[in-house]
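Heads up: the sequence shown is residues 2 to 263, going by the working numbering.
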Amino acid sequence: MKQPQHFQWKVEGKVGVITLNRPERKNPLTFESYAELRDFFRSLAREKEVKAIVMTGAGGNFCSGGDVHEIIGPLTKMKLPQLLEFTRMTGDVVKAMRHCPQPVIAAVEGVCAGAGAILAMASDLRYAAPSAKVAFLFVRVGLAGCDMGACAMLPRIIGQGRAAELLYTGRSMGAEEGLAWGFFNKVGDALPLAMETAKELAAGPTLAHAMTKKMLHEEWNVTVDQAIDMEAQAQAELMLSKDFKRAYEAFAAKRKPVFEGD
């Protein structure tokens, strides 16, 4: 993959690392970086050698959200068709993150606000440094909490009442509170934790991980009976995979399986 213009990308083994890299401004997003993130996550479906993604920010902060001068200022001068084009584009970033087959792991330090909080929320796993402060602060600029899927996704992660408080007030949620509420999976040295997990997932049955991710998202909107039927189909298909056969042969030989993602 070619190097993106608006964030850093590097591959370590089977793990790809996205680093938001405007540390002097706490890594805000611009019109261009939103669009590039959308297109980049869409392209990851074709990237067969990258098995897991870590997303982080440079300089001790994750992301401060939309750039006040480069996004919010211009938005106040736009008419509805232009505004809809923008809000649909930002929503498409989250859709692209959800639909890329690789698990996405957020390593969150310091400021994680606005659209930055959404990027963390849309990740599959979240690890926090003790310095992490997450704020869905749309209300502070006169907007609703229903941004980029927050009203659908955040309640499923932390519960309806807790999500409602964060989205109505725009207050910051610290690392330990986020851990207690289930937003964060673990608090510690965020990037090493994320990388360790990403490498573990990348060494696993990645075809199966992609199916787990797909089902976690698709089963939100179906009955339990429908979900059971969907999972029966998914598992039957995976039982045809080479990794399933490798696991059985390794078990029979009393050795650890080596998965290849096919």
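For each residue, glycine too, the CB sits at the ideal point set by N, CA and C.
Specify the secondary structure class of residue i as computed by DSSP and reduced to three states.
{"i": "Ala130", "result": "coil"}
{"i": "Gln227", "result": "helix"}
{"i": "Cys152", "result": "helix"}
{"i": "Ser34", "result": "helix"}
{"i": "Gln234", "result": "helix"}
{"i": "Ser173", "result": "strand"}
{"i": "Ala253", "result": "helix"}
{"i": "Val259", "result": "coil"}
{"i": "Lys295", "result": "Outside the displayed span of the chain (2 to 263) sits residue 295, for which this structure offers no information."}
{"i": "Val51", "result": "coil"}
{"i": "Met2", "result": "coil"}
{"i": "Asn28", "result": "coil"}
Taking residue i as part of the beta strand (DSSP E), name the residues at either end of that continuous run.
{"i": "Gly1", "result": "Within the shown structure, residues of the chain are numbered from 2 to 263, placing residue 1 beyond reach of any answer."}
Hey, could you find the ends of the alpha helix (DSSP H) residue i is sitting in?
{"i": "Ile119", "result": "Ala116 to Ala123"}
{"i": "Glu13", "result": "No alpha helix (DSSP H) holds Glu13; the beta strand (DSSP E) holding it covers Gln9 to Glu13."}
{"i": "Met216", "result": "Thr207 to Glu219"}
{"i": "Met240", "result": "First-last for Met240: undefined, no H or E at that position."}
{"i": "Gly92", "result": "Leu81 to His100"}
What does DSSP give as the partner residue(s) for residue i in the beta ladder?
{"i": "Ile72", "result": "BP columns for Ile72 are empty, so no partner."}
{"i": "Met281", "result": "Since the first residue shown for the chain is 2 and the last is 263, residue 281 is missing from the structure and cannot be characterised."}
{"i": "Cys113", "result": "Cys64 and Val135"}
Give me the Cβ distance between residue i and residue j, rounded to the nearest whole Å; I'm assuming they're in contact under 8 Å.
{"i": "Met270", "j": "Ile106", "result": "Lying outside 2 to 263, the shown extent of the chain, residue 270 is not represented and no answer is given."}
{"i": "Tyr169", "j": "Val135", "result": "Not a contact, Cβ separation roughly 15 Å."}
Quiz item: Quick check: the stretch 187-205 against the stretch 121-129, are there 3 or more CB pairs under 8 Å?
Solution: The stretch 187-205 is in contact with the stretch 121-129.
Quiz item: Just checking, does the stretch 85-93 make contact with the stretch 49-61 on the three C-beta pairs under 8 Å criterion?
Solution: The stretch 85-93 is not in contact with the stretch 49-61.
Quiz item: Taking one C-beta from the stretch 168-188 and one from the stretch 57-73 each time, how about it: are there three or more such pairs within less than 8 Å?
Solution: Contact between the stretch 168-188 and the stretch 57-73 is absent, because fewer than three Cβ pairs lie under 8 Å.
Quiz item: Counting Cβ pairs closer than 8 Å, one from the stretch 157-164 and one from the stretch 90-98, do we hit at least three?
Solution: The stretch 157-164, when compared against the stretch 90-98, does not touch it at the 8 Å Cβ threshold.
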